[in-house]
Structure formats: C-alpha cells, structure tokens
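Written below as structure tokens is the structure these notes are about.
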Amino acid sequence: MRLLVIEDDPLIARSLEQALTPLGNTVDVFTHHAQAREALQGGHFDLVLLDLGLPDGNGLTLLAELRQRGDTTPVLILTARDGIDDRVEGLDLGADDYLAKPFSLAELEARVRALLRRSQQRADNRLMFGPLAFDAASGVATLDERVLDLPRRELLLLEGLLLHAGSITPREALENRLFGYGDVGPNALEVYISRLRKRLKDSGLRIRTFRGLGYRLEEETS
Amino acid sequence: MPIRRVALVWLLGALAPSLAWADNPLVVEAALDREVAAPLLDAFEAAHPNIQLTFRDHSTLEVDARVADEDNPPDVVISSAMPWQMSRVNEGYAQRLESPEARAWPEWAKWRDEVFGFTFEPIVMAYRLDLARHMLPPKTHADLHTLLTQHRETLRDKVTSYSPVRSGVGYSLFQQDARYTTRFWDLVTAMGATGTNLEANTRSMLEGLSEGRYWLGYNLLGSYAMVWAQSHPEVFVQVPQDYSLVMMRMAFIHRDAPHPAAARAFLDFLLGREGQRVIAGETPLFSVRSDVVGPYTAQRLRDQVGERLYPIPLNASLLAFVDSSRRASFMERWQREFHRLSRPEPSQGEQSTESHIDKFPQR
Amino acid sequence: MIEVDGTLKSRLAFWLLATVSALGVLLLVEAYFSSQRAAERAYDSQLEAAALTIAEAIRWEGGQPVVEVPSAALQILATRHQERVFYAVLDADGHTVSGNLDLSISPDWRRRVSSQPTWLNDSYHGTQWRLYGRELDSAGWETQDPVQIWVGHTMSGRKALTEVLFEHAVTRFVIMVLLAGILMLLAMRVALSPIRRLRHQLRQRDADDMRPLDTRVPEEMREMAETLDSLFTRQREGREALLRFTADASHQLKTPLAGLQTTSELALQSDSPDAWRQALAEVHGSAGRTSRLASQLLSLARLRHAMEASATARIDALALLHETAFDWAQRDVSQAHDIGLASLPASPQYIQGESWALRELLGNLIDNALRYTPPGSVITLGAVCHAQTLEVYIEDDGPGVSSETLAYLHHPFERGGRQDTEGSGLGLAIVDSIVRRHEARMQVESPDEKGGLIVRLFFPYFTQHEEG
Chain A
11 MRLLVIEDDP LIARSLEQAL TPLGNTVDVF THHAQAREAL QGGHFDLVLL DLGLPDGNGL
71 TLLAELRQRG DTTPVLILTA RDGIDDRVEG LDLGADDYLA KPFSLAELEA RVRALLRRSQ
131 QRADNRLMFG PLAFDAASGV ATLDERVLDL PRRELLLLEG LLLHAGSITP REALENRLFG
191 YGDVGPNALE VYISRLRKRL KDSGLRIRTF RGLGYRLEEE TS
Chain B
83 MPIRRVALVW LLGALAPSLA WADNPLVVEA ALDREVAAPL LDAFEAAHPN IQLTFRDHST
143 LEVDARVADE DNPPDVVISS AMPWQMSRVN EGYAQRLESP EARAWPEWAK WRDEVFGFTF
203 EPIVMAYRLD LARHMLPPKT HADLHTLLTQ HRETLRDKVT SYSPVRSGVG YSLFQQDARY
263 TTRFWDLVTA MGATGTNLEA NTRSMLEGLS EGRYWLGYNL LGSYAMVWAQ SHPEVFVQVP
323 QDYSLVMMRM AFIHRDAPHP AAARAFLDFL LGREGQRVIA GETPLFSVRS DVVGPYTAQR
383 LRDQVGERLY PIPLNASLLA FVDSSRRASF MERWQREFHR LSRPEPSQGE QSTESHIDKF
443 PQR
Chain C
807 MIEVDGTLKS RLAFWLLATV SALGVLLLVE AYFSSQRAAE RAYDSQLEAA ALTIAEAIRW
867 EGGQPVVEVP SAALQILATR HQERVFYAVL DADGHTVSGN LDLSISPDWR RRVSSQPTWL
927 NDSYHGTQWR LYGRELDSAG WETQDPVQIW VGHTMSGRKA LTEVLFEHAV TRFVIMVLLA
987 GILMLLAMRV ALSPIRRLRH QLRQRDADDM RPLDTRVPEE MREMAETLDS LFTRQREGRE
1047 ALLRFTADAS HQLKTPLAGL QTTSELALQS DSPDAWRQAL AEVHGSAGRT SRLASQLLSL
1107 ARLRHAMEAS ATARIDALAL LHETAFDWAQ RDVSQAHDIG LASLPASPQY IQGESWALRE
1167 LLGNLIDNAL RYTPPGSVIT LGAVCHAQTL EVYIEDDGPG VSSETLAYLH HPFERGGRQD
1227 TEGSGLGLAI VDSIVRRHEA RMQVESPDEK GGLIVRLFFP YFTQHEEG
C-alpha cells in the first residue's frame, strides 16, 4: 500500500513513517502543502494522512480540492486542535476519519488498517478480517479458507460485523439487518451473537460486547 | 394764425385714423404753442422716426378737461396750469415714470415721479418805449406800485395784466404773488385804480403793447415776451429785480395712456439731454437741466437775474389754489381790492359772479 | 460596538438653530407688526396735524362754514413721500363745504366721527387710502353746527417706513443670532473641555495601565468616569486572574517536564538496556499525562475566558450521550474497562446547550472514571427523566472518594486527595465550569462503603420544547 503523510513536525513525521512502513506500506512524507498537492496530482495513493496545521495553508483546503477533483482516496485527518468544529468540517469536506493529537501509535495503526481495509473492499468486493473473509457477491463466508456453512441471519450478522470490523457495530444497525424494522425482544440479537461466538471459537477472533452500544469483531489479544 | 393752428390740429386729428400704418402712434395733449414747441417736436420725431406723434394744442382748461375724458384718453398731458395739473395727478390720472431721466430730474421739479416740470419760464413785466419817455420804467414790484399810484391818470387804461378769472395761469400767478406779500393787494388796488385791462393770455397783452394800446404789462410769461421783444423793438422786457416768479410746464403720462411705451419715450426725450438742449437752444422755454448749454437755460437766467427767481413750488400746496372755496374767497378779495378806488365797470364783466374759468380758453 | 451618531456640537447647534429659528419667526412677525404700528402712528399723527391745521382755517360767514384750505395742511398731508392727498370739510348735513376728491364719506363713518376722531382704511380707485376724520364744534354768531374735517392720503410712505423699520429689526436680529452663535460655539468649547481632557488622558494611557482615572469632570460626567473606573478595575482583576492561572498552569506543566528531563538524563547516563526501557516507559507515560494536562488547561482556559458564550442550540441530550459513549468505548484508553450505556428513555430529550462543551463534560467524566478506577472496572452512562430536569449520570464501581474529599473535588489541581494516580485534577473543575454554563446542577456521591462513585448532572429541559 502507498501512503501519503503530510505533516510538518519532523518528530511526528518520522514516528509515522517508522510505525507504518513495517506494516507493509510505502510512506511518502511531505512537510508542505504545495509539494503534497503536486504529489497527489502526480500519482495514486491508497491513504492520505493529513495534518491540518501546515505552515503554508490549511489542510482543509487541500482536502476540499482533492474531493472536488473527484478523488476518493481515503483521508485521515491529524490535528492538535480537538475542537469539534474542525472535526465536523473535516468530515463534511469528505475526510474519512479524524485523530486528535496526542494519539497513541496503536490507535493510529488500528485506524489506518481499518481505512485501508475499506479501500481494499472497494477494490475486490471482499470483506476480510484476519482469517475471516466474506464475498458479498456470492454470499460465501470462509474462515481460514474453509467455507462456513451459516444460516441466513448468522451470515447477515457476520457481514454486518465485518463491515465495521475493528470498530463497534451499533446494536441498532445489526438488529435492523437481522430483523428488519420490526419490534424484537432485547435478547434476540444476543442469541445470534452467542451462536456466532461459538463458531469463531479458537479462530483468533472474538466478538466483544459493549453494553447498550453494540458489538465489535476484534482479534483476540494474547 | 390761431385759426390756422386749430385747423392744423383738426386736420391732424382727422388724419390720425388714416395713419393706421403708423405702428406706434402717440397723442400729446398740450397747452403749449405749437410754434414755440415746433423745434422740440421736430427733434423728437427725428430721434424716434417710428413714433407717429399727434400733438394737440389746446388751452390749459381744455387740456384739463380732456384728462378726465375716459373714452379717449391722451398719452401725454402738458400744461402750464400748474395747480390743475397737480390736481389731476393727485386724483390718480398719472402713471409713474421709471427711467434714468426721471430719477435724475431735480426733486424740486417733479412730484411722485409722475409729473415733471420740464421748462423754467420767468414771469416778467413788459413796457412800451412810450412809458420810458414819461417816467422811469419799473424794476421791482414796489416800483410798479409807486408808478401806478403816482401816475394813475397818465397810465389810465394803459396797464394790462392777466385776468384771474379767465386765465388759470394768471390766477395761479396772483395767488403766488399774494402768498409772498400782503402789499400785493395794494398793487391790485392800484391796478384797479388805473383801470388796468385784464387779458386772458400773454399774447393779447403783447399785441396790445405793440399796437400802443398798452404801455405797461404785468405778469407776462417771460418765454413768450422775450421772443416777442426780439421782433418788436418797441417792447421791452423787465425781469423784476426784487423777485421773479418762475412757472414750469408740467407733463405727465396719462394713467390710461393707450400707447404707454411711446409716451415714456416722449417724456424721456423731454427730460433728457437732447430734448432739454433743444429747449435751451431753439425755444424760449428755458431748460431746467444745469448740464445743458444754450441761450435759454435756468442757469443762464439765474446768472443774469441773480438769485431772485422764485419757482412756483411743485408740491401739494398747489392743490390749495384749485380749492373752490379758497378760490372763491380769493376772487372775492380780488374784486374788492380791484374796485376799491375805482368805479364799478360792469362792461368789463370782471365783477360777475362766475366761479368757473373752465369755459374760457387761456389764450 | 460603538456607533457614531452625529456630534454633540451639531446636536447642540441643531437644537439652538431650531429654537432660534422658531423664536426668530415669532420675533420677526412681531417686529413686522410693530414696525407697521410705528409707521401707522407716525403717519396717523401727520393726518391729525393736517386736520387740525385745516380746522384752524374754518370760519363762519353768514351762518355757513367757510374754509380756505391752508397750503401747509396739504403739504403735511402729502408728507415727504409725496402721497396723494384727500381732504373734505363737511357741514352738519354732510354736504361738502370744501374738498378735492369724489371720495365719498359714508353716513356710518360720519356717525362714528361725531362721537370721536377716527382713522379708517379705504380703497379709492384701486389704491389704499388712510383716512382720518374729526368733528369740530365751531362757534359762530348765528349757528353752532358741528363741522367734520376729513383728511387722507395714500400709503406708500407707511409701507416704506414699515419696510425700513422692519429691515432695521431684521438686521438687529441677524446680528444677535450671529453673536449668539459665536457665544454658543465658545460656550460649547468650554463646556466640552472635560470630555476632551478625558479623551486625551485615555488616549495617552498605556495599554496595560489599569489604574483609576485621575481627572476633573463635571457632575454630568461623573457616572461615565466612574463606569470607566470600574471597567478598569474589572479588567485589572481579569488580567490578574489570567496571570495567576497562567502561572499555575506553567507550574503544573513544569513538574512533569522536569520528571521527563530527569528520567531521560538518568537513562542516558546508564548503559543498561533494561534501564533504558524502563526510562522510556516512564517518559512515554509522563508525556501522555503532560499532553492531557495541556489539553485540559486549554479547555479550562477556553471555558473561563471565552466570556461570550458561543451560540447555544437545542440539543438531543440522549443522542449526544450515546454518541459520546460510543466514541469513548472505541478508544484505546478504554479497552481495559467495560464502558457501557444503560437503557435510555425512549424519546429524545432536549436541553439548551453547546454540544462541544457537553462532549467535553462527558468526556472528562469518562476520562476521570477510566483513570481513577482499576482495569476491569465497569463504567456505565445513563439518563433518567425527572419532572423538571433531565438527569445524566456516570457511574463506576471503583474505589470512590471519601465524603470529606467530595467537597473539594471541583477546585483546579485537586486530585480527590490522591497522589497516586496520574492526572492533574483539572477534570472536575472543567466539568464544574460547563455545568454552571448550562445552568445545570452536579451531584457527586459514593453510594456505599465498598466504593464506587456516581456523578449526576441535572439539566433543565429546553423550555420551548416543554411548552410545545
């Protein structure tokens, strides 16, 4: 994967480069708007990490230009300002995610991975997370290359969790997916979750419950 | 000659309607001999060829009557009967003249900027050479009184003066004389005692002098007398040395003048330098303006006679002379004084009770 | 926002001009009429004098009045202005004894004159005439019939005199107005000099000079000067508070930075990789704390000093609560804890507020809960509808705080009596500020001996929502 980092602080820029390169990425770092703009026009990138506070202009302008050109390259905004207004504006302009400084490298990596996965999905129409994969076209789910023979609702649940893999899938979204908009009991979803948990046992993946919020498909930490 | 003149006037009057081509007619109603005024009128016509001037020559009282003629008002009214002119102006028959000439005209010779005294005619005594052979000719009013008293019989019927009844000018002069001194009435008594003949105009008196009927005339219009004396060497003119009245011909534009612009042009000409120059040089009417040079100017007269010229004041006091009761009272006194030392002479008609002079022409 | 609305000078000038103009019109009208009256009086007395002069000349002869109109009387009538004149002497029957114009004297006028001398205005041939009539009881040998004397003249002299008098009055008035205007300008300069002095003093002041004003002002400006003084006082206090806060904040930041410095210095002196690793871990933790402290200080500063509240709006508190919980649950820091949402009221609940501040508020409470509880603790957010207020709470099953410490929790740099955990103690102070901004109420309690802490926030409902 080819990543473009636009960051003027040399310490952070170096950290980003060192953190993201081992994940199998090529990282180009620019410290100025103008250079970055040229680079964006010149080549294809799979993800842009954009610092808003650049010496020669606001990063939001660059983002707006990018989206106006119809370029859908995912953009992760980095900023020291955690003002909600910047965040909203950035997302409105077409940013895909937002990370306020200071951030932990682990969180950054997770976000980057998620964004790249989404980028990948768009490319081959397959949902993948760890050993788990789901082909939306054929409706076939595989675990470690083995086809999982799942009932329809479990398949729908798996697809829903895979769509947001790494982050929380809202409970309401899963309920709608499984049961439509009809009234369902509070435990109906939980039944299918526990069935799916059993199937994923010892796969290195687990489904974590967030009370009142939703579920997350995540890799089991050692 | 009067008949010829009247005929000329009538002829002009008859011609007037046929002169319709004249786009700018002007009618002047005047108590002023056309012969005397001829140079003035000629000069005016020369200066204003586009104005067709109709000059009507009448007696003062006729002129006065025509002012009030509502159907056919004249443009300009000229008369030597100063009180009557004044009275007409007071009645509102005049219109104001707004022009540089009118404004520059001396205050003592105009009233309300409506009526203007444009001549300066001294009142004189005239005598025949015969008088000088018998006595020293009079130089003052007192001389005259003395002469009439001392030579009453020699001068019987040889003295002449204006009739205050038949002449407006004469009446005005006697009124003015009476204002200056009460001894005037002694003079009237003395004139009555010598059987003085009272004439209606200066011309009659001058003719009488030339013919030898009269030896001495009192209160003649100096303008006419001086011209007469030039052609009649037997007549001598004496400007009184104590005081000499000065009469002014008064001109105004009629309120209802049909041709006001022409009328204004005429009056401006009369008052202007050119008109006054003609008056001073070619008529014996004497110019009022001090900046005009000629044989007949007020200034030259003053130089000759001294400061004893008393112009009849051109102001509201003139109106008193035409007050009927005042006039009646004056005439009554006149008759009383005139006949004090003489027999009544009914043939003269002077004691008749006529109170109006209107029907008698001045000349 | 200062809006300049004309100058005092022009305002004063306008009012002066308006009053002077109004007064001037009255004065000029009055002046005109009094000029007219004066002219009338002057010329009327001429008429009277002329009538008396004529009266002198009346005699009785043969039972009839006889009059020789004196020239003098006519000249008096004509006046300097050469008026046209009228006179008439009437006998007892109204017949004219003497007269000059056919101006008819009506019987009514004669009756009036018989009782007292009378002045009249009349129109004759389109001209205005002023007439005066008086009756004379003349003694005669035969009769004692009264005689009436009427005189009159045109009115140009009166008009001219009126104009002259009026012109004089106008000239006097204009001069007066000019003088008054000059005096007013001078007076205004003098009267406005305190304002100029004050302006001068304020202009010469240094930007950070907050001392009270030292100037002389008139009574009318006392209030303004005092207001300025109190404004300076408030500014001084605000500045001092800011300086104090900055000093405190700097001190707070210096402490962890000093720790970083010493730790890294020790690590550099050491050759042991173990020591390096331990030092780096300490550096990492300290840097995280320091940057959190900095962002909290920033929030506090923003809350305390952004005096102009940003626009508040109608906010669905439940959606905001859900969103914030969702956000925090995903964060790296909360992975060791069990963050959850209790079941919420079914319908949206609206309050009036600023969403950034409310997010900050909830975020701080969650952050505090994460920091002051051991890993694996359960943190639950929830909301309860009360009659007057909406309660939003956050509950944890951590060790809790002692009741005496609860009271101090809101002060900045207070750590709830504990020095062992990371954190500056700024969190609750921020929370307190935001709560006050939203006119809400906060309640902190430890429910039982075993520990646990519950923070309850009570927000007033959005009023328009309630009414609707």
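Going down the list, the sequences are from chains A, B and C. The first sequence begins at 11 in the working numbering and counts up one residue at a time. The second sequence begins at 83 in the working numbering and counts up one residue at a time. The third sequence begins at 807 in the working numbering and counts up one residue at a time. Cβ coordinates follow ideal geometry from the N, Cα and C atoms, glycine included. Computed from a predicted model, the values in this text were never measured in an experiment.
Assign T1179 (chain C) to one of three DSSP states: helix, strand, or coil.
-> Mapped onto the third sequence, residue 1179 (chain C) falls at position 373. The answer is coil: DSSP assigns T1179 (chain C) none of H, G, I, E or B.
Do the CB positions of T242 (chain B) and G290 (chain B) come within less than 8 Å of each other?
-> By one-based count along the second sequence, residue 242 (chain B) stands at place 160. By one-based count along the second sequence, residue 290 (chain B) stands at place 208. It is a contact, given that the beta carbons lie within the stated cut-off.
Would you give the residue range spanned by the alpha helix (DSSP H) that S292 (chain B) belongs to?
-> Position 210 of the second sequence, counting from 1, holds the residue named residue 292 (chain B). Start and end: T284 to E293.
Taking just the CA atoms, how far does V15 (chain A) sit from R24 (chain A)?
-> Along the first sequence, one-based indexing puts residue 24 (chain A) at 14. Along the first sequence, one-based indexing puts residue 15 (chain A) at 5. The alpha-carbon atoms of R24 (chain A) and V15 (chain A) are separated by roughly 10 Å.
Is the CB of P952 (chain C) under 8 Å away from at least one CB in chain B?
-> Within the third sequence, the letter at position 146 stands for residue 952 (chain C). No, P952 (chain C) lies away from the interface with chain B (no Cβ there is under 8 Å from its Cβ).
Same chain, Cβ closer than 6 Å to A104 (chain B), neighbours up to 5 away in sequence not counted = As a position in the second sequence, residue 104 (chain B) is number 22, starting the count at 1. Residue placement at A104 (chain B) cannot be trusted, given a pLDDT of 49 that sits under 50; what the coordinates show is reported in the next sentence. Contacts found: Q134.
Check distances from the C-beta atoms of the region 878-909 of chain C to those of chain D and list, in chain order, the residues that come in under 7 Å.
-> The chain inventory of the structure shown lacks chain D, comprising the protein chains A, B and C.
Extent of the continuous alpha helix (DSSP H) to which A191 (chain B) belongs | Here residue 191 (chain B) refers to the residue found at position 109 of the second sequence. From DSSP, A191 (chain B) is part of no alpha helix (DSSP H); its letter is neither H nor E.
Length-filtered (3 minimum) beta strand (DSSP E) runs lying within the region 135-205 of chain B = Listed in chain order, they are 158-161 and 197-199.
The alpha helix (DSSP H) enclosing W1134 (chain C), as first and last residue numbers | Within the third sequence, the letter at position 328 stands for residue 1134 (chain C). Looking at the DSSP string, the run of the alpha helix (DSSP H) that includes W1134 (chain C) is A1123 to Q1136.
Please report how far the alpha carbon of D811 (chain C) lies from the alpha carbon of R817 (chain C), in whole angstroms.
-> Looking up residue 811 (chain C) in the third sequence gives position 5. Looking up residue 817 (chain C) in the third sequence gives position 11. Each residue's CA atom was taken as its position, placing D811 (chain C) and R817 (chain C) some 10 Å apart.
Should K192 (chain B) go down as buried or exposed, given a rule of 16 or more other Cβ atoms within 10 Å for buried?
-> Stepping through the second sequence from its first residue, residue 192 (chain B) is reached at position 110. Counting the other CB atoms within 10 Å of its CB gives K192 (chain B) a total of 16 or more, which places it among the buried residues.
Which residue's Cα is closest to the Cα of S904 (chain C): B:V110, B:A402 and B:S249?
-> Residue mapping note: residue 904 (chain C) aligns to position 98 of the third sequence, counting from 1. Taking only the C-alpha atoms, the option nearest S904 (chain C) is B:A402.
Residues within the region 161-183 of chain B neighbouring chain C, beta-carbon criterion of under 9 Å | Taking 9 Å as the cut-off between beta carbons, the residues of the region 161-183 of chain B near chain C are S169, V171, N172, E173 and G174, in sequence order.
Check each candidate in B:E196, B:A347, B:E419 and B:E144 and name the one with the smallest Cα separation from W114 (chain B).
-> Looking up residue 114 (chain B) in the second sequence gives position 32. Per the sequence shown, the amino acid found at residue 114 (chain B) is Leu instead of Trp. Closest by alpha carbon: B:E144.
Have a look at E111 (chain B) and L211 (chain B) and give me their C-alpha separation to the nearest angstrom.
-> Stepping through the second sequence from its first residue, residue 111 (chain B) is reached at position 29. Stepping through the second sequence from its first residue, residue 211 (chain B) is reached at position 129. Approximately 38 Å between the Cα atoms of the pair.
Where the alpha helix (DSSP H) containing I133 (chain B) begins and where it ends = Translated into the one-based positions of the second sequence, residue 133 (chain B) becomes position 51. Segment: none, I133 (chain B) is in no alpha helix (DSSP H) and carries neither H nor E.
Using CA coordinates, which residue listed in C:E941, C:W935 and C:G1182 is at the minimum distance from S920 (chain C)?
-> Translated into the one-based positions of the third sequence, residue 920 (chain C) becomes position 114. Nearest of C:E941, C:W935 and C:G1182 to S920 (chain C), Cα basis: C:E941.
What does S204 (chain A) reach in chain C if we use C-beta pairs closer than 9 Å?
-> Counting from one through the first sequence, the residue named residue 204 (chain A) turns up at place 194. Near S204 (chain A) there are no residues of chain C at all, since even the closest Cβ is about 18 Å away, more than 9 Å.
Apply the 10 Å Cβ neighbour rule to D1226 (chain C) and answer buried if 16 or more other Cβ atoms are within range, or exposed otherwise.
-> As a position in the third sequence, residue 1226 (chain C) is number 420, starting the count at 1. Confidence at D1226 (chain C) is low in this model, with a pLDDT of 45, below 50, so the placement of that residue is unreliable and no value is reported for it.
Determine the contact status of F202 (chain B) and A380 (chain B), defining contact as a CB-CB distance below 8 Å.
-> Within the second sequence, residue 202 (chain B) is the residue found at index 120, counting from 1. Within the second sequence, residue 380 (chain B) is the residue found at index 298, counting from 1. In this structure, F202 (chain B) places its C-beta atom within 8 Å of the C-beta atom of A380 (chain B).
Nearest to L255 (chain B) by CA position, among B:S407, B:L400, B:D405 and B:A410, is which residue?
-> As a first step, residue 255 (chain B) must be located in the second sequence, where it is residue number 173. Closest option to L255 (chain B), Cα to Cα, is B:L400.
Taking the CB atoms as reference points, tell me whether L50 (chain A) and L60 (chain A) lie closer together than 8 Å.
-> The residue labelled residue 50 (chain A) in the question sits at position 40 within the first sequence. The residue labelled residue 60 (chain A) in the question sits at position 50 within the first sequence. Against a cut-off of 8 Å, the Cβ pair of L60 (chain A) and L50 (chain A) comes out as no contact.
Within 10 angstroms of the Cβ of Y1178 (chain C), are there 16 or more other Cβ atoms? Answer buried if so, exposed if not.
-> Stepping through the third sequence from its first residue, residue 1178 (chain C) is reached at position 372. Answer is buried; the Cβ neighbour count reaches 16.
Endpoints, alpha helix (DSSP H) assigned at H223 (chain B) = For the purposes of this step, residue 223 (chain B) is identified with residue 141 of the second sequence, where counting begins at 1. Residue range H223 to Q232 is occupied by the alpha helix (DSSP H) that includes H223 (chain B).
Hey, V374 (chain B) and R355 (chain B): beta-carbon distance below 8 Å or not?
-> Mapped onto the second sequence, residue 374 (chain B) falls at position 292. Mapped onto the second sequence, residue 355 (chain B) falls at position 273. It is a contact, given that the beta carbons lie within the stated cut-off.
At a Cβ threshold of 8 Å, is G1257 (chain C) touching chain A?
-> If you number the third sequence from 1, residue 1257 (chain C) lands on position 451. Chain A contact via Cβ: absent.
Spell out the partners DSSP gives M332 (chain B) in its beta bridges.
-> Here residue 332 (chain B) corresponds to residue number 250 of the second sequence, with the count starting at 1. Paired residues: B:S161 and B:G199.
May I ask you to report which of helix, strand or coil DSSP gives Q888 (chain C)?
-> As a first step, residue 888 (chain C) is located in the third sequence; it is residue number 82 there, counting from the start. It is coil, neither helix nor strand.
In chain order, what residues of the same chain lie with their CB nearer than 8 Å to the CB of Y225 (chain A), ignoring the 5 residues before and after it?
-> As a working note, residue 225 (chain A) is residue 215 in the first sequence. Spatial neighbours of Y225 (chain A) in its own chain (CB-CB distance under 8 Å, excluding positions within 5 residues in sequence) are listed in chain order as L171, I178, T179, R181, L184, I203, I217, R218 and T219.
V1190 (chain C) versus A1125 (chain C): straight-line alpha-carbon distance, rounded = Indexing the third sequence from 1 puts residue 1190 (chain C) at position 384. Indexing the third sequence from 1 puts residue 1125 (chain C) at position 319. Going from the Cα of V1190 (chain C) to the Cα of A1125 (chain C) covers about 14 Å.
7 Å Cβ cut-off: residues of chain C touching W193 (chain B) = Numbered from its first residue, the second sequence carries residue 193 (chain B) at position 111. The contacting residues are Q888.
What residues in its chain sit with their C-beta under 8 Å from that of Y1279 (chain C), if we drop five residues either side in the sequence?
-> Lying before the first or after the last residue shown, residue 1279 (chain C) is absent from chain C, which here runs from 807 to 1274.
Could you tell me whether the Cβ atoms of S424 (chain B) and V872 (chain C) are closer together than 8 Å?
-> Along the second sequence, read from residue 1 onward, the residue named residue 424 (chain B) stands at position 342. Along the third sequence, read from residue 1 onward, the residue named residue 872 (chain C) stands at position 66. Contact flag unset, no.
Just the Cα atoms here: how many angstroms apart are A29 (chain A) and S1208 (chain C)?
-> Here residue 29 (chain A) refers to the residue found at position 19 of the first sequence. Here residue 1208 (chain C) refers to the residue found at position 402 of the third sequence. Those two C-alpha atoms are separated by around 44 Å.
Chain C residues whose Cβ lies nearer than 7 Å to that of S254 (chain B) = As a first step, residue 254 (chain B) is located in the second sequence; it is residue number 172 there, counting from the start. Within 7 Å Cβ-Cβ: nothing; S254 (chain B) doesn't reach chain C, min ~13 Å.
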